[in-house]
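Q: Residue numbers (my numbering), protein chains in the order written: chain A, 1 to 278; chain B, 1001 to 1286. In this text, a Cβ means the ideal position worked out from N, Cα and C, and glycines have one as well.
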Amino acid sequence: MSKDFLATVMIWLTALLISGFFLYLLTDMLIHGLDRLSWAYLLDAPLDAGRSGGIAPIVTATAILVLIAIIVAAPLGLATAVLLTEFTRQKSHFGRFVERSLDVLASVPSIIFGLFGNAFFCLFLGLGFSLLSGGLTLACMALPILIRSAVEGLRSAPDEYRLAAAALGMTRGAALLHLLLPTAAPALAAGLMLGIGRAGAETAALIFTSGYVDRMPESWFDSGRALSVHIYDLAMNVPGGDASAHAAALVLVLLLFTINSIAMGLTRRWQRGRIHSL
Amino acid sequence: MKVSMDDTDKNSEAQQSYTLGPLQSGPHCCDPRPLISVTDLSLHYGAKTALENVSLDIYQGCITALIGPSGCGKTSFLSALNRLTDMLPGCHVSGRIRFNDLDVCDPDLDVRLLRRDIGMIFQKPVPFPLSVRRNIELPLREHGMRRQAEIDAVVQQVLQDVGLWDEVKDRLNSPAQALSGGQQQRLCIARALALQPKVLLMDEPCSALDPIASGVVEDLILRLQGRYTVVIVTHNLAQARRIANYAGFLWMRERTGRLIEFGQCRQIFEAPAHALTASYVNGERG
Ligand SMILES: Nc1ncnc2c1ncn2[C@@H]1O[C@H](COP(=O)(O)OP(=O)(O)OP(=O)(O)O)[C@@H](O)[C@H]1O
Ligand SMILES: [Mg+2]
């Protein structure tokens, strides 16, 4: 009884602590950044090293970076996860080796990815400091997370579905498409969100690959400055840039939050719809 | 299949919606033609031998019951018949299984067609996370049926066959997983029947159900007799005795499953040739 009580108190305390911390962050950003936030801020180019003006080119660059990263990493990640779960024996050396490597990769500091991206995409492939280099580097970073969550999602789909589908003479592909992937959809979406989060919040890897030019990018071969790089720059290198940094941070958090909610909503609606349609 | 009523049925009232039609052969006049012949079947999981030297014939149109204690390889045996063993990691099957002049163990065999002919029902009902209708429609479409009218007709037909139509006709589009356990199991049987299999393998189909639902499924299996060849695994000896024409008794010896005795159901239960069988069916062992 008293143990239960203690456990309840602890759980509530932890929950309060976590949400309190989140609220503190949010209020801090709101207090310091809200008065800089306006439509003009979103639609204008930065002036005076970002102290005034807006962040339009930066939001654009961020969007392009994340888009490239996801478009490259999502299909690759899903394909790898399917290969690992459905077409490789779980205990095979190959599967284990790949998974171990992914776990290591997922914990590699982003600055290392930055150096790798710089050496490989910028120099070796000759893409230079560009959104493309940055996006591809982000894809490399997001890939382990995407694969991990997709693998977990597919593994959590009950084996009975695989057996029952096979017993009905359905191919593995059909079972995957109609039963396993839909079951894993929330995990896939969550992984995608984590990936977008990691890509969208990345700083170190981008400084070496997409650069920090704050002009409006005209193509993906242009250099561009991501939001997080902008925040970093304002906070560390630009005296008097604090308010702008807070506003930019607010925009970043709101963006991630919005994407997250939309993705969750879409997944849920899609899952509900699936019950009726093939 | 035409609509018909069998007046001699115990509870003909409850079965008004059954459309299986008259049974082609009864319990005692089965055509004793072996549809599946198993010879010297051994089955291994890695280094572990689950089954050794099992040989038996499954007779067309009859219900064959497999009984035996837990872990003696009944599920493994069923899985070998429709090559579901391919899906189990480390599982290796040797021996000969012939189904209708087809070599089941042939690596080049199209298992999709084999499994279409040999359906399987699992111990725990496995409704897919789709609507009732889509549960039946999905495998049909996978096997190339495209016309919606045709599909709808089959859906209704098989749901009537398993006596589920009246219960679900208003909720065909609601999730199958919201059905009761017994309804789910009958849906799974309907799903298998939709593919017009010749053989149904049933792995303890009633063990997850309450006695009433279990009785309904049992009646259903009895009605399948003659039209389909049924192999059923059951721990319920009384049930095996009630419904089966043939029975096989599997037992663990030296940690390996073996077929101890196989024969007419009545003989196995009333005059077993083997002492082990006798003590098992009399509840003294197992
Ligand atoms: N996938 C598997 N991998 C390894 N060993 C297995 C696997 N499936 C079954 N076995 C082993 O093979 C033996 C036979 O198992 P099986 O499931 O066929 O028995 P069963 O007669 O169906 O038992 P029950 O009545 O409990 O369902 C058991 O000893 C079991 O541990
Ligand atoms: Mg079993």
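1. So that I know if they touch, is there some Cβ in chain D lying closer than 7 Å to that of Glu1270 of chain B?
2. Taking 8 Å as the threshold, find out whether the region 240 to 256 of chain A comes into contact with the region 168 to 176 of chain A through three or more Cβ pairs.
3. Output yes if chain B places a C-beta closer than 7 Å to the C-beta of Gly153 of chain A; else output no.
4. Pull up the distance between the alpha-carbon of Ile1212 of chain B and that of Tyr161 of chain A, whole angstroms please.
5. In this structure, does DSSP put Gly1026 of chain B in helix, strand or coil?
6. Need the endpoints of the alpha helix (DSSP H) that Ser1131 of chain B sits in, please.
7. Return yes when the C-beta of Tyr1246 of chain B is under 6 Å from any heavy atom of ligand 1, and no when it is not.
8. Can you name, in chain order, every residue of its own chain whose Cβ lies under 6 Å from the Cβ of Thr80 of chain A, other than the five neighbours on each side?
9. At a threshold of 6 Å, does Thr1085 of chain B count as lining ligand 4 (C-beta to nearest heavy atom)?
10. Using the beta-carbon count (16 or more within 10 Å), is Trp39 of chain A buried or exposed?
11. For Thr137 of chain A, which three-state DSSP category applies?
12. Check whether the Cβ atoms of Cys1105 of chain B and Gly1257 of chain B lie closer than 7 Å to each other.
13. Starting from Pro1205 of chain B, find everything on chain A with Cβ-Cβ shorter than 9 Å and list it in chain order.
14. May I ask you to check if the CB of Thr1075 of chain B is nearer than 6 Å to at least one heavy atom of ligand 1?
15. At the level of alpha carbons, what is the spacing between Ala69 of chain A and Leu76 of chain A?
16. Report whether the distance from the Cβ of Tyr1228 of chain B to the nearest heavy atom of ligand 1 is below 6 Å.
17. Pull out every residue of the region 178 to 193 of chain A whose Cβ sits closer than 8 Å to any Cβ of chain B, in chain order.
18. Rounded to the nearest angstrom, how far is the Cβ of Arg1115 of chain B from that of Asn1082 of chain B, given a contact under 8 Å?
19. Shorter than 7 Å from the beta carbon of Glu1142 of chain B to some beta carbon of chain A?
20. Any idea if Pro182 of chain A is buried or exposed, counting beta-carbon neighbours within 10 angstroms, 16 or more meaning buried?
21. Would you mind listing the beta strand (DSSP E) stretches within the region 14 to 44 of chain A that are 3+ residues and don't spill past its ends, in chain order?
22. Just how far apart, CA to CA, sit Thr1075 of chain B and Ala190 of chain A?
23. Hey, would you say the C-beta of Cys1206 of chain B is under 6 Å away from at least one heavy atom of ligand 1?
24. Please report how far the alpha carbon of Ser52 of chain A lies from the alpha carbon of Leu234 of chain A, in whole angstroms.
25. Judging by CA-CA distance, which residue of B:Val1199, B:His1044, B:Leu1187 is the nearest neighbour of Val1216 of chain B?
26. Between the alpha carbons of Phe1122 of chain B and Arg268 of chain A, how many angstroms are there, rounded?
27. Return yes when the Cβ of Leu254 of chain A is within less than 7 Å of the Cβ of Thr62 of chain A, no when it is not.
28. With respect to 6 Å, is the separation between the Cβ of Ala174 of chain A and the closest non-hydrogen atom of ligand 1 below this value?
29. Using 8 Å as the cut-off, can you tell me whether the region 147 to 156 of chain A makes contact with the region 116 to 135 of chain A, which would need three or more C-beta pairs spanning the two stretches below that distance?
30. In this structure, does DSSP put Pro1139 of chain B in helix, strand or coil?
31. In three-state terms, what does DSSP make of Pro75 of chain A?
32. Regarding Ser1094 of chain B and ligand 1, is the C-beta to nearest heavy atom distance less than 6 Å?
33. Taking 7 Å as the cut-off, decide whether the C-beta atoms of Arg215 of chain A and Pro57 of chain A are in contact.
34. By Cβ distance below 7 Å, which residues in the same chain neighbour Ala1190 of chain B in space, the five residues on each side in sequence not counted?
35. Are Ser2 of chain A and Leu131 of chain A close, meaning C-beta to C-beta below 7 Å?
36. Following the continuous alpha helix (DSSP H) through Trp1165 of chain B, name the residue where it begins and the one where it ends.
A: Short version:
1. The structure shown has no chain D; the protein chains it does contain are A and B.
2. With the cut-off at 8 Å, the region 240 to 256 of chain A and the region 168 to 176 of chain A do not touch.
3. Within the first sequence, residue 153 of chain A is the residue found at index 153, counting from 1. No, its Cβ sits nowhere closer than 7 Å to a Cβ of chain B.
4. For the purposes of this step, residue 1212 of chain B is taken as the residue at position 212 of the second sequence. For the purposes of this step, residue 161 of chain A is taken as the residue at position 161 of the first sequence. Cα-Cα distance, rounded: 27 Å.
5. Start at 1 with the first residue of the second sequence, and residue 1026 of chain B comes out as number 26. Model confidence at Gly1026 of chain B stands at a pLDDT of 35, short of 50, so the residue's coordinates are unreliable; what they give is reported in the following sentence. Looking at Gly1026 of chain B - three-state DSSP - the assignment turns out to be coil, as it is neither helix nor strand.
6. Counted from its first residue, the second sequence places residue 1131 of chain B at position 131. Looking at the DSSP string, Ser1131 of chain B is not in any alpha helix (DSSP H), and its letter there is neither H nor E.
7. Reading the second sequence from its first residue, position 246 is the one you call residue 1246 of chain B. No, Cβ of Tyr1246 of chain B sits at least 6 Å from all heavy atoms of ligand 1.
8. Counted from its first residue, the first sequence places residue 80 of chain A at position 80. For Thr80 of chain A, where only same-chain residues beyond five positions count, the Cβ hits under 6 Å are Ile147.
9. Ligand 4 is absent from the structure shown, which contains only ligand 1 and ligand 2.
10. Residue 39 of chain A sits at position 39 when you count from the first residue of the first sequence. With fewer than 16 other Cβ atoms within 10 Å, it is exposed.
11. On the first sequence, residue 137 of chain A is found 137 positions in, with the first residue counted as 1. Thr137 of chain A falls in the helix class under three-state DSSP.
12. Locating residue 1105 of chain B in the second sequence gives position 105, where the first residue counts as 1. Locating residue 1257 of chain B in the second sequence gives position 257, where the first residue counts as 1. No; because the gap between Cβ atoms is not below 7 Å, this pair is not in contact.
13. On the second sequence, position 205 is the one that residue 1205 of chain B refers to. Correct list: empty, because the minimum Cβ distance to chain A is about 13 Å.
14. Residue numbering aside, residue 1075 of chain B sits at position 75 when the second sequence is read from its first letter. The answer is yes for Thr1075 of chain B.
15. On the first sequence, position 69 is the one that residue 69 of chain A refers to. On the first sequence, position 76 is the one that residue 76 of chain A refers to. Rounded to whole angstroms, Ala69 of chain A to Leu76 of chain A spans 11 Å at the Cα level.
16. As a working note, residue 1228 of chain B is residue 228 in the second sequence. No - ligand 1 has no heavy atom lying nearer than 6 Å to the Cβ of Tyr1228 of chain B.
17. Residues of the region 178 to 193 of chain A with a C-beta less than 8 Å from any C-beta of chain B: His178, Leu179, Pro182, Thr183, listed in chain order.
18. As a first step, residue 1115 of chain B is located in the second sequence; it is residue number 115 there, counting from the start. As a first step, residue 1082 of chain B is located in the second sequence; it is residue number 82 there, counting from the start. Confirmed, about 5 Å.
19. Numbered from its first residue, the second sequence carries residue 1142 of chain B at position 142. Interface residue, yes.
20. Locating residue 182 of chain A in the first sequence gives position 182, counting from the first residue. Classification of Pro182 of chain A: buried, given that the 10 Å Cβ count is 16 or more.
21. none
22. Along the second sequence, read from residue 1 onward, the residue named residue 1075 of chain B stands at position 75. Along the first sequence, read from residue 1 onward, the residue named residue 190 of chain A stands at position 190. Taking the straight line joining both Cα atoms gives about 37 Å.
23. Taking the second sequence and counting its residues from 1, one reaches residue 1206 of chain B at position 206. Not under cutoff, so the answer is no.
24. Residue 52 of chain A sits at position 52 when you count from the first residue of the first sequence. Residue 234 of chain A sits at position 234 when you count from the first residue of the first sequence. Taking the straight line joining both Cα atoms gives about 11 Å.
25. Position 216 of the second sequence, counting from 1, holds the residue named residue 1216 of chain B. It is B:Leu1187 whose Cα lies nearest to the Cα of Val1216 of chain B.
26. Within the second sequence, the letter at position 122 stands for residue 1122 of chain B. Within the first sequence, the letter at position 268 stands for residue 268 of chain A. Going from the Cα of Phe1122 of chain B to the Cα of Arg268 of chain A covers about 30 Å.
27. Sequence index remark: in the first sequence, residue 62 of chain A carries index 62 (1-based). Sequence index remark: in the first sequence, residue 254 of chain A carries index 254 (1-based). No, Cβ-Cβ distance for Thr62 of chain A and Leu254 of chain A is not below 7 Å.
28. Here residue 174 of chain A corresponds to residue number 174 of the first sequence, with the count starting at 1. No, the beta carbon of Ala174 of chain A sits no closer than 6 Å to any heavy atom of ligand 1.
29. no
30. By one-based count along the second sequence, residue 1139 of chain B stands at place 139. Helix.
31. Counted from its first residue, the first sequence places residue 75 of chain A at position 75. In the three-state reduction of the DSSP assignment, Pro75 of chain A falls in the helix class.
32. By 1-based counting over the second sequence, the position of residue 1094 of chain B is 94. Checking every heavy atom of ligand 1 against the Cβ of Ser1094 of chain B, none is found closer than 6 Å.
33. In the first sequence, the residue the question calls residue 215 of chain A occupies position 215. In the first sequence, the residue the question calls residue 57 of chain A occupies position 57. Contact: yes.
34. The residue given as residue 1190 of chain B occupies position 190 in the second sequence. Closer than 7 Å at Cβ, skipping near neighbours: Ile1136, Val1158, Leu1159, Asp1161, Val1162, Leu1164.
35. As a working mapping, residue 2 of chain A is identified with position 2 in the first sequence. As a working mapping, residue 131 of chain A is identified with position 131 in the first sequence. Cβ distance not < 7 Å, so Ser2 of chain A and Leu131 of chain A don't count as in contact.
36. Working through the second sequence from its first residue, we reach residue 1165 of chain B at position 165. Start and end: 1165 to 1168.
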